[in-house]
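The structure appears below as structure tokens.
Okay, structure coming up:
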């Protein structure tokens, strides 16, 4: 009778503290042991609860970048020069979300055009990809897509700049050349240092201390 009363008391206590069923059953498994076993088990649960709160409330938050992205479009190589009458006239469409720029058309440049042009994009949200689409200018029909490259921007947001780098151009999942660009990200003046920051939402210490 005394054991039943003690078990009921612990059950009510655990329900008040809103412990999950797994932990409640763990205590019930010890209902036939001594008070010291209950105390030891409760201590373990407190520690588990503290760790759970730390993991739940201390989060890794990615800071939203704000500033200006400078893209230096340098050149392309290995484009499909399929114009039978003359060399192709390639140009590039650069897209970041709703922002779009077009390079100059390199008349008769063929499969290895050079641009050396600079474009600026305003970064004010969490989008992290730049799309480059190489096109062939056609006077008598729609311009042809020669290939696309998608460039992840997380690295330049973190480092501030990336040197000249070559990216593969793909069309219908097939390699169709490469494009060379350099990237620089300049954050707003009032932007806090560091792209990634770890911050505490608070509350876990208070939550753990209620035991």
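In UniProt numbering, the protein residues as written are 1 to 211. Heads up, the beta-carbon is just placed ideally off N, CA and C, and yes, glycines get one too. The model shown is predicted, which means the values in this text are computed figures rather than measured ones.
What separation, rounded to the nearest whole angstrom, lies between the Cα atoms of residue i and residue j?
| i | j | result |
| --- | --- | --- |
| residue 143 | residue 126 | 31 Å |
| residue 155 | residue 178 | 20 Å |
| residue 101 | residue 74 | 15 Å |
| residue 120 | residue 140 | 31 Å |
| residue 65 | residue 86 | 44 Å |
| residue 146 | residue 153 | 23 Å |
| residue 94 | residue 71 | 9 Å |
| residue 98 | residue 108 | 30 Å |
| residue 167 | residue 130 | 12 Å |
| residue 58 | residue 110 | Low confidence applies here, because residue 58 scores a pLDDT of 46, under 50, leaving its location unreliable and the question unanswered by this model. |
| residue 180 | residue 164 | 6 Å |
Whose C-beta lies closer than 6 Å to the C-beta of residue i among residues of the same chain, with five residues either side of it excluded?
| i | result |
| --- | --- |
| residue 161 | 184 |
| residue 186 | 67, 68 |
| residue 96 | 121, 130 |
Could you tell me whether any non-hydrogen atom of the ligand COA is closer than 8 Å to the CB of residue i?
| i | result |
| --- | --- |
| residue 89 | Ligands are entirely absent from the displayed structure, and the ligand COA is therefore not among its contents. |
Starting from residue i, trace the beta strand (DSSP E) both ways and give me its first and last residue.
| i | result |
| --- | --- |
| residue 144 | 144-152 |
| residue 76 | 67-77 |
| residue 189 | From DSSP, residue 189 is part of no beta strand (DSSP E); its letter is neither H nor E. |
| residue 131 | 129-136 |
| residue 100 | 99-102 |
| residue 171 | 161-171 |
How would you label residue i, buried or exposed, when you count the other beta carbons within 10 angstroms and need 16 or more for buried?
| i | result |
| --- | --- |
| residue 135 | buried |
| residue 159 | exposed |
| residue 151 | buried |
| residue 133 | buried |
| residue 106 | buried |
| residue 175 | exposed |
For residue i and residue j, which I take to be in contact (beta-carbon distance under 8 Å), what is that distance rounded to the nearest angstrom?
| i | j | result |
| --- | --- | --- |
| residue 103 | residue 115 | 5 Å |
| residue 81 | residue 137 | No, residue 81 and residue 137 are not in contact; Cβ-Cβ is about 13 Å, not under 8 Å. |
Less than 8 Å between C-beta atoms, sequence neighbours within five positions excluded: which residues of the same chain meet that for residue i?
| i | result |
| --- | --- |
| residue 112 | 75, 76, 77, 78, 79 |
Indicate whether at least one CB of chain D lies closer than 9 Å to the CB of residue i.
| i | result |
| --- | --- |
| residue 72 | No chain D is present in this structure, which holds just one protein chain. |
Output needed for residue i: all residues of its chain with C-beta closer than 7 Å, excluding positions within five of it in sequence on either side, in chain order.
| i | result |
| --- | --- |
| residue 173 | none |
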